[in-house]
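Letter by letter, the sequence shown follows residues -7 to 279 in the working numbering. Here a beta-carbon is modelled for each residue, glycine too, at the ideal position from N, C-alpha and C.
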Amino acid sequence: MITAAFDYHRPGTLDEAIGLLSEHEGSAFVIAGGHSLIPMMKLRLAVPEHLVDIQNIAELSGITVSASMIEIGATVTQADLIASDALFEVCPILRETALQIADPQIRNVGTLGGNVVNGDPGNDMPAIMQLLDAEYVLRGEGSTRTVKARTFYESAFFTVREESEILTAIRIPVPPSGHGHSYQKQKRKIGDYATAAAGVILTLSGGKCTDASVSLTNVADTPLWADAAAKALVGTDLGTEPIKAAVDAARAITNPASDGRGPADYRTHVAGIMVQRAIHAAKSRAA
Ligand SMILES: Cc1cc2nc3c(=O)[nH]c(=O)nc-3n(C[C@H](O)[C@H](O)[C@H](O)COP(=O)(O)OP(=O)(O)OC[C@H]3O[C@@H](n4cnc5c(N)ncnc54)[C@H](O)[C@@H]3O)c2cc1C
């Protein structure tokens, strides 16, 4: 299918891009990698009159790692995340997750910003951003604000971002050194979105879990931060009982659709299995 006609803009600065979005508010869309937006345009589910391409804006690219904070520009691609050894050293779950997104061609072009801001419950990075307690930097005309990933998503394809705002960067607190991590994703085939997926990070001390975070992908209208599941792990030895309690708590907050990936009860069941596997893998990796 062919998209409806649109005007294409390729600004060189953020101010110019924000100006274009404000000038054409309601009829202009940002385009980054285009791997979610262009299929939507071909299906006429999105019909922008103006496309504002942000790939030429230098200030939106780049990865910075400091002692306590990681900052990733919105146009950093999934391939860039995989390639960054500095990032892998402090936050290896980003590479592990990016490697499970789509295929190499899509990862070469699809951006972290597009993935997290799109609001598609099937995207993998939003749950990872909730897991890591990331925040999103949003710039509008004359305004900058930050929003926690845990409060950003309202329902499928709806977020708190205003139409005239551009996501400029993602900020992630550096997880504790020696933490264990895992992102477990069940999909029908390579390149598919998740039937259900779960991320876990945790810290161990003296054989006990001292800190944990759990999140889920594609088992509700939004990514899910499973706070109760994490609380079921903290203070325990991560034995059979606390893991079962975490799995039950995670399953209790799911509300998946019945679709081509399976009936809702099956997807809830799979979500629990992914949580269980992610806890075991994270435990085995924790120092
Ligand atoms: C065959 C296929 C398989 C895929 N499989 C997976 C998968 O398994 N897991 C997964 O997570 N993803 C998957 N994807 C999605 C892919 O990773 C997308 O590229 C990504 O989700 C969106 O990034 P993008 O840069 O292409 O964004 P775009 O398509 O350019 O934009 C997506 C949306 O975000 C908006 N937007 C983009 N950047 C900004 C910004 N900085 N500020 C404000 N708004 C912005 C756009 O206006 C648009 O509404 C798949 C895609 C395809 C085509």
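Please classify residue i: does DSSP put it in a helix, a strand, or coil?
i      : result
Pro165 : strand
Arg137 : strand
Val262 : helix
Glu146 : strand
Ile30  : helix
Arg269 : helix
Ser174 : strand
Ile64  : strand
Arg153 : coil
Ile10  : helix
Asp251 : strand
In whole angstroms, what is the alpha-carbon distance linking residue i and residue j?
i       : j      : result
Pro40   : Cys83  : 36 Å
Asp45   : His173 : 34 Å
Ala66   : Lys181 : 28 Å
Lys34   : Glu51  : 30 Å
Phe(-2) : Ser76  : 35 Å
Ile30   : Val68  : 19 Å
Ile120  : Arg277 : 17 Å
Cys201  : Gly231 : 10 Å
Lys177  : Ser135 : 37 Å
Tyr258  : Arg131 : 40 Å
Tyr128  : Pro215 : 15 Å
In the DSSP assignment, find the beta strand (DSSP E) that holds residue i and state where it starts and stops.
i       : result
Leu194  : Ala188 to Ser197
Phe(-2) : Per DSSP, Phe(-2) belongs to no beta strand (DSSP E) and is neither H nor E.
Ser58   : No beta strand (DSSP E) holds Ser58; DSSP gives it neither H nor E.
Leu130  : Glu127 to Gly132
How far does the alpha helix (DSSP H) with residue i in it extend, from its first residue to its last?
i      : result
Lys223 : Asp219 to Leu225
Asp240 : Thr232 to Ala244
Using only the heavy atoms of ligand 3, determine whether one of them is closer than 6 Å to the beta carbon of residue i.
i      : result
Asn115 : Among the ligands in the structure shown, ligand 3 does not appear; only ligand 1 can be found there.
Runs of alpha helix (DSSP H) wholly within the region 73 to 122 (minimum 4 residues, chain order): 77 to 82, 85 to 90, 96 to 101 and 104 to 109
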